[in-house]
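Residue 306 in our numbering sits at position 237 of the sequence shown; the count goes up by one each step and never skips.
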Amino acid sequence: MPTILMSGASRGIGLHAARRMLDIDPTLRLIVLARGEQPALPRTTVLRADLTSLDSLRKAAAQISEPVDGYVGNAGIQMTNATTPTADGYETTFAVNVLAHHLLLRLVPLAGHARVVLTGSDAHFGDLRHNLGLIPAPKWTNPDQLARPNPGRSGRGAYADSKLGVLYLVHALARRGFNAYTWNPAFTPGTGLVRADRIGNVLFRRVFPLLPGVNTAERAGDQLAAAATGPLPAPSGSYIDRATVTPSSAASYDEAREEELWAAAERLTA
Ligand SMILES: NC(=O)c1ccc[n+]([C@@H]2O[C@H](COP(=O)([O-])OP(=O)(O)OC[C@H]3O[C@@H](n4cnc5c(N)ncnc54)[C@H](OP(=O)(O)O)[C@@H]3O)[C@@H](O)[C@H]2O)c1
Numbered sequence: 070m071p072t073i074l075m076s077g078a079s080r081g082i083g084l085h086a087a088r089r090m091l092d093i094d095p096t097l098r099l100i101v102l103a104r105g106e107q108p109a110l111p112r113t114t115v116l117r118a119d120l121t122s123l124d125s126l127r128k129a130a131a132q133i134s135e136p137v138d139g140y141v142g143n144a145g146i147q148m149t150n151a152t153t154p155t156a157d158g159y160e161t162t163f164a165v166n167v168l169a170h171h172l173l174l175r176l177v178p179l180a181g182h183a184r185v186v187l188t189g190s191d192a193h194f195g196d197l198r199h200n201l202g203l204i205p206a207p208k209w210t211n212p213d214q215l216a217r218p219n220p221g222r223s224g225r226g227a228y229a230d231s232k233l234g235v236l237y238l239v240h241a242l243a244r245r246g247f248n249a250y251t252w253n254p255a256f257t258p259g260t261g262l263v264r265a266d267r268i269g270n271v272l273f274r275r276v277f278p279l280l281p282g283v284n285t286a287e288r289a290g291d292q293l294a295a296a297a298t299g300p301l302p303a304p305s306g307s308y309i310d311r312a313t314v315t316p317s318s319a320a321s322y323d324e325a326r327e328e329e330l331w332a333a334a335e336r337l338t339a
């Protein structure tokens with residue numbers, strides 16, 4: 070029985086993806102990390118874990134003794150500021166969107182063939198075509214600084230930085246022999262992603278889903294399930310935009326930054 074470890078399966082895109090993966094493969098078992106609401110899914114073990122806490126992640130990882138056949142790191146957060154510290158003193162967006170994946174992948178035993186899929190975002194491009202003017206462009210700096218609360222950065226700016234960090238992490242994983250991919254849902258309004266912003270949340274949940282051409286959580290869930298369990302889409306390190314393998318931004322291919330992030334993530338999660 071294959072087993073996939075997944076975060077961000079309690080709602081939104083991830084809940085649809087989890088259901089889809091379980092539907093497609095009746096032998097599949099999921100281990101889901103969830104901090105609050107427990108998703109009602111068949112053949113699923115829920116481990117309580119808050120991705121803002123390294124201690125919580127370590128306790129959850131310690132409960133996984135058998136190698137898993139895949140990791141779907143879909144949990145993600147968008148805040149209204151970049152100043153909220155986690156219990157470990159890190160900026161919350163960076164902690165959840167980058168450091169949590171890194172720590173889990175260092176602690177959880179993975180089978181040799183295991184596929185790792187991390188959910189990225191169009192926000193990493195930082196141009197009007199991809200972020201529709203809603204999210205500032207990433208301003209990548211030293212990862213030790215990005216990991217700390219920063220009154221000079223907005224919550225959305227921190228989100229863009231963190232999603233560029235996801236690309237760097239995936240490239241560093243691929244270099245280390247992991248079978249790793251970044252998957253991008255593109256603009257998928259209607260989910261809980263911007264719930265921290267009250268007005269933005271109303272627009273995101275009720276108004277933006279009416280726009281033509283946007284993705285839906287259901288469709289995105291199908292696409293994430295395909296990226297995680299379908300035929301191997303492309304060489305390790307590739308970027309999958311919804312269902313298509315395509316290059317990510319030019320800035321996302323930067324070995325020096327990728328290795329600097331890896332080293333910082335090792336230190337920060339040690
Ligand atoms: N929607 C879009 O337009 C869009 C576009 C590009 C990328 N994405 C990415 O897609 C992924 C899914 O987002 P979504 O739109 O489906 O949003 P969502 O409905 O808010 O789902 C986010 C998921 O992440 C989990 N999560 C967040 N913080 C957590 C924490 N501290 N500990 C444990 N779990 C935590 C949430 O759990 P709780 O239920 O406990 O909050 C939830 O399951 C994210 O990585 C997001 O960045 C979304």
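Quick reminder that beta carbons are idealized off the backbone N, C-alpha and C, glycines included.
Assuming contact is defined by CB atoms lying nearer than 8 Å, are Leu262 and Phe273 in contact in what I supplied?
Counting from 1 along the sequence shown, the entry for residue 262 is found at position 193. Counting from 1 along the sequence shown, the entry for residue 273 is found at position 204. In contact: Leu262 and Phe273 (Cβ atoms closer than 8 Å).
Taking the alpha carbon of Asp310 as the reference point, which residue from Asn150, Pro220, Leu293 has its own alpha carbon closest?
Here residue 310 refers to the residue found at position 241 of the sequence shown. Closest by alpha carbon: Leu293.
Pull up the distance between the alpha-carbon of Pro111 and that of Tyr159, whole angstroms please.
Here residue 111 corresponds to residue number 42 of the sequence shown, with the count starting at 1. Here residue 159 corresponds to residue number 90 of the sequence shown, with the count starting at 1. Roughly 35 Å between the two C-alpha positions.
For the beta strand (DSSP E) containing Trp252, name the first residue and the last one.
Taking the first residue of the sequence shown as 1, we reach residue 252 at position 183. Element bounds for Trp252: 248-253.
Endpoints, beta strand (DSSP E) assigned at Ile73
As a first step, residue 73 is located in the sequence shown; it is residue number 4 there, counting from the start. Residues 72-76.
Kindly list the residues whose CB is nearer than 6 Å to the CB of Ala333, restricted to its own chain and excluding five residues on each side of it in sequence; keep chain order.
Position 264 of the sequence shown, counted from the start, is the residue given in the question as residue 333. Excluding its 5 nearest sequence neighbours in each direction, Ala333 has C-beta neighbours in its own chain below 6 Å: Pro212, Asp213, listed in chain order.
DSSP has Asn166 in a bridge; who is on the other side?
For this step, residue 166 is matched to residue 97 along the sequence shown. DSSP lists no beta-bridge partner residue for Asn166.
Would you call the CB atoms of Ile73 and Leu102 closer than 8 Å?
Locating residue 73 in the sequence shown gives position 4, counting from the first residue. Locating residue 102 in the sequence shown gives position 33, counting from the first residue. Between Ile73 and Leu102, the C-beta spacing is not below 8 Å.
Here's the rule: buried if 16 or more other CB atoms are within 10 angstroms of the residue's CB, otherwise exposed. What is Lys232?
Locating residue 232 in the sequence shown gives position 163, where the first residue counts as 1. Flag for Lys232 reads buried.
Cβ distance (whole Å) where Ser318 is taken to contact His193 below 8 Å:
For this step, residue 318 is matched to residue 249 along the sequence shown. For this step, residue 193 is matched to residue 124 along the sequence shown. Yes, Ser318 and His193 are in contact; Cβ-Cβ is about 6 Å, under 8 Å.
I need the DSSP call for Arg275, collapsed to helix, strand or coil.
As a first step, residue 275 is located in the sequence shown; it is residue number 206 there, counting from the start. The three-state reading of DSSP puts Arg275 in helix, counting H, G and I together.
Please identify the residue among Gly142, Ala227, Ala130 whose C-alpha is closest to the C-alpha of Thr161.
Here the question's residue 161 lines up with position 92 in the sequence shown. The shortest Cα separation from Thr161 among Gly142, Ala227, Ala130 belongs to Ala227.
Based on the DSSP secondary-structure assignment, which residues constitute the bridge partners of Tyr308?
Position 239 of the sequence shown holds residue 308. Per DSSP, the beta-bridge partners of Tyr308 are Thr251.
What's the gap between the Cα of Thr152 and the Cα of Thr113?
Residue numbering aside, residue 152 sits at position 83 when the sequence shown is read from its first letter. Residue numbering aside, residue 113 sits at position 44 when the sequence shown is read from its first letter. Whole-angstrom Cα-Cα distance: 35 Å.
Any heavy atom of ligand 3 inside 7 Å of the beta-carbon of Pro304?
Absence of ligand 3 from the depicted structure is noted, with ligand 1 being the only ligands included.
Please classify Ser134 as buried or exposed, where buried requires at least 16 neighbouring CB atoms within 10 angstroms.
Locating residue 134 in the sequence shown gives position 65, counting from the first residue. Exposed: under 16 other Cβ atoms inside 10 Å.
Asp138 versus Ala144, Pro178, Lys128, residue with shortest Cα-Cα distance:
Numbered from 1 along the sequence shown, position 69 holds the residue referred to as residue 138. Nearest of Ala144, Pro178, Lys128 to Asp138, Cα basis: Pro178.
For Ala295, which residues from the same chain have a beta carbon less than 6 Å from its beta carbon, with the 5 sequence-adjacent residues on both sides left out?
Taking the sequence shown and counting its residues from 1, one reaches residue 295 at position 226. Nothing listed; no residue qualifies.
So Leu84 packs on Pro108, CB below 8 Å; how close in whole Å?
Indexing the sequence shown from 1 puts residue 84 at position 15. Indexing the sequence shown from 1 puts residue 108 at position 39. Leu84 to Pro108, Cβ: 6 Å. Contact.
Under 8 Å, do Leu120 and Ala156 count as touching if we go by C-beta distance?
Here residue 120 corresponds to residue number 51 of the sequence shown, with the count starting at 1. Here residue 156 corresponds to residue number 87 of the sequence shown, with the count starting at 1. In this structure, Ala156 does not lie closer than 8 Å to Leu120 by Cβ.
CA nearest to the CA of Gly306, picked from Glu324, Met148, Arg222, Pro207:
On the sequence shown, residue 306 is found 237 positions in, with the first residue counted as 1. Nearest Cα to Gly306 within the set Glu324, Met148, Arg222, Pro207: Glu324.
Going by the CB atoms, is the gap between Val115 and Ile146 shorter than 8 Å?
Here residue 146 is taken as the residue at index 77 of the sequence shown, counted from 1. Here residue 115 is taken as the residue at index 46 of the sequence shown, counted from 1. No, these two residues do not count as a Cβ contact at 8 Å.
Which residue spans inside the stretch 92-148 form an unbroken beta strand (DSSP E) run of at least 3?
DSSP runs (the beta strand (DSSP E)) wholly in the stretch 92-148: 98-103, 113-117, 137-142.
Gly290 versus Met70, Met75, Pro71, Arg89, residue with shortest Cα-Cα distance:
Mapped onto the sequence shown, residue 290 falls at position 221. Closest option to Gly290, Cα to Cα, is Arg89.
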